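Numbering (the UniProt record's numbering), first residue to last: 1 to 422.
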Amino acid sequence: MTQVGKRLREFRKRLKMTQGDLAEGICNRSYVSQIEKGQVIPSPEILEQLAKRLHTEIKELWTETENPSFTLVEIQNSLRHIINRIDEQEWEIARKWLLKLQGAVIPQSEEGVYLWAKGKIAEVDGRLEQAEDHYSNSIVLTQDSDNPTVLIRALDSLGHFYCEHDQPEKAVHLLNEALQLLNRYEISGLLRISVLLHVGSMHSKLGEFYSAIEHLQQAKELNKNYGILYKSGDLYLSLGNCYHQIQQYQEAESFYRQALSIFEIANNPVRLAEVQLNLGLMYKETMVYEKAEACLKQAQKFLSNQTEDELLNFTRIALADVYRLQKRLDEAKTLCQSVISSDNEKMLAEAQFILAEVMLMQGEDDEALIHLENARGYFTIKNMQAFLIKTYQLLGHIHLKNQRFEQAAKMYERSITFTAEA
């Protein structure tokens, strides 16, 4: 009898229930019998329902001691289920499976997978330092593993983690190693799609858009060959971004629309907002301002009940810029001021830049100069070259307009310097 089976039987006997009483409406009686005998491992969903029937919590069925005893097969099966649930992005179910193993002595052969899974849950929870540590430790433990997929999975996750947090340079050696291992061991399936997607995203973050498209298209073809839509929303969004950057707008729009369809099916408002934001930016760039406004307002709507403040503020800044370009200056100013009232330094700087442009259009040069100087400080600290180029150009324009020729020349020179370095 396994530990969970023993605990289940103890709680059932304490409440004077038969196996049939416990199973009713949840599973059949023979399944409860098999659990108690240790012949099957119940899913977290079934176990949670049984725990409720027994007037206890799921963790109580696994905590007979501080270090509950599990067989190797139980641990391996649990980890297999965790991997599957993570692949399906069923985070709460994966979390419950990890809870089952809490306090267990994980054998060294399985510790790499266990740490990787803990890293995924930590990342979803926003515990970023823990996520990075778990992924890194998983890589160390699996370097000499007989099963290369365990190492590839950890390399893929840490590489993607760095890309998601604007450190693509750190991801290069990790994702390249993952891709090399896939090719060396001729591994395909979902893991290959994931690595190709993340390698493509990495190249995109590094500004290497044609290399990004090559890898993303390979992932797309694998999905097509398998007849699946694995990570298709992310895939289409990444392709849309790449084609957007190389100004192939028709292709970009097509992939953005496909991404919208996937995220609509998944009912994911944050990702829907992200796609609408990108569409809005593309329409702004191509001077289709009515469509840009519609997309950005739709993005705001998707974010209205979410906690994604940075994404919402970025959307407001983009919409403010659309209003500026349409000469709807009061509306632009109101949006910028709403962002400036937030606590996010990056958003504050970008909002001040747009507000400076609005002030300049309204003839309020001194106010524009104040906002630009504030923005320049942040852009300089963070070495945001694209914004610095535009900031120095605008500063030069203000000084030139006010006949401060020496200062104007210095600003234009700095703009040229940053343009050459970009």
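Where a beta carbon is used, it is the ideal one built from N, C-alpha and C, also for glycine. The model shown is predicted, which means the values in this text are computed figures rather than measured ones.
* To do: With distances taken Cα to Cα, identify the nearest neighbour of F239 among Q247, Q217 and K231.
  => For clarity, residue 239 is Leu in the given sequence; the question names Phe instead. With distances taken between Cα atoms, L239 lies closest to Q217.
* To do: Have a look at L235 and Q39 and give me their C-alpha separation to the nearest angstrom.
  => 41 Å
* To do: Verify whether the separation of the beta carbon atoms of I187 and G200 is less than 9 Å.
  => no
* Asked: Quick one: what's got a C-beta closer than 7 Å to Y243's C-beta in the same chain, skipping five residues either side?
  -> E251, A252 and F255
* What span of residues does the alpha helix (DSSP H) with Y236 cover, start to end? -> S232 to Q245
* Are K231 and I265 close, meaning C-beta to C-beta below 9 Å? -> no
* Ignore the nearest five residues each way along the sequence and tell me which others in S30's own chain have a CB closer than 7 Å to its CB. => none
* Asked: Is the beta carbon of A332 less than 9 Å from the beta carbon of Q306?
  -> no
* How many whole angstroms separate the CB atoms of A117 and L98, which I take to be in contact at a CB cut-off of 8 Å? -> 6 Å
* Asked: What three-state label does DSSP hand R127 in the structure shown?
  -> coil
* To do: Rounded to whole angstroms, what's the CA-CA distance from M361 to E350? Just pull it up for me.
  => 17 Å
* For T149 and G112, believed in contact at Cβ under 8 Å, the rounded distance -> Wrong, their Cβ atoms sit about 11 Å apart, outside the cutoff.
* By DSSP, does M287 sit in helix, in strand, or in coil? -> coil
* Do you know how far the Cα of A131 is from the Cα of E123? -> 5 Å
* Asked: Around the Cβ of S341, are there at least 16 other Cβ atoms within 10 angstroms (buried) or fewer (exposed)?
  -> exposed
* Sub-9 Å separation of L335 and A320 beta-carbons -> yes
* Are at least three pairs of beta-carbons, each pair with one atom in the segment 358 to 375 and one in the segment 395 to 403, less than 8 Å apart? -> yes
* Asked: What is the rounded straight-line gap between the Cα of L190 and the Cα of H173?
  -> 21 Å
* To do: Compute the Euclidean distance between the alpha carbons of E64 and S138, then round it to the nearest angstrom.
  => Reliability of the predicted coordinates at E64 is poor, the pLDDT of 45 falling under 50, and no value is obtained from them.
* Cβ distance (whole Å) where I106 is taken to contact I75 below 8 Å -> 6 Å
* To do: Out of T380, K401 and G377, point me to the one whose CA is closest to E364's CA.
  => K401
* To do: Keeping to the same chain, check which residues put their C-beta closer than 6 Å to that of F353; ignore five residues upstream and five downstream.
  => A375
* **Given residue 423 as reference, the closest of P42, E48, E36 and R53 once Cα atoms are compared** => Residue 423 falls outside the range modelled here, since the chain spans only 1 to 422, and no answer is possible.
* Asked: In angstroms, rounded to a whole number, what distance separates the CA positions of A318 and L281?
  -> 7 Å
* **Segments of 4+ residues assigned as alpha helix (DSSP H) that fall wholly inside the segment 104 to 191** => 108 to 125, 128 to 142, 148 to 164 and 168 to 184
* Assign D309 to one of three DSSP states: helix, strand, or coil. => helix
* Asked: Is DSSP giving C336 helix, strand or coil here?
  -> helix
* Asked: Taking the C-alpha atoms as reference points, what is the distance between L312 and L158?
  -> 27 Å
* Going along the chain, which residues of its own chain have a beta-carbon closer than 6 Å to the beta-carbon of Q300, five neighbours each way excluded? -> T315
* Should S304 go down as buried or exposed, given a rule of 16 or more other Cβ atoms within 10 Å for buried? -> exposed
* Asked: What residue from G25, L50 and N28 has the CA that sits closest to R9's CA?
  -> L50
* To do: Inspect the beta-carbon positions of residue 437 and F379 and report whether they are closer than 9 Å.
  => Only positions 1 to 422 of the chain appear in this structure, which leaves residue 437 out of reach.
* **Residue range of the unbroken alpha helix (DSSP H) whose run includes D21** => Q19 to A23
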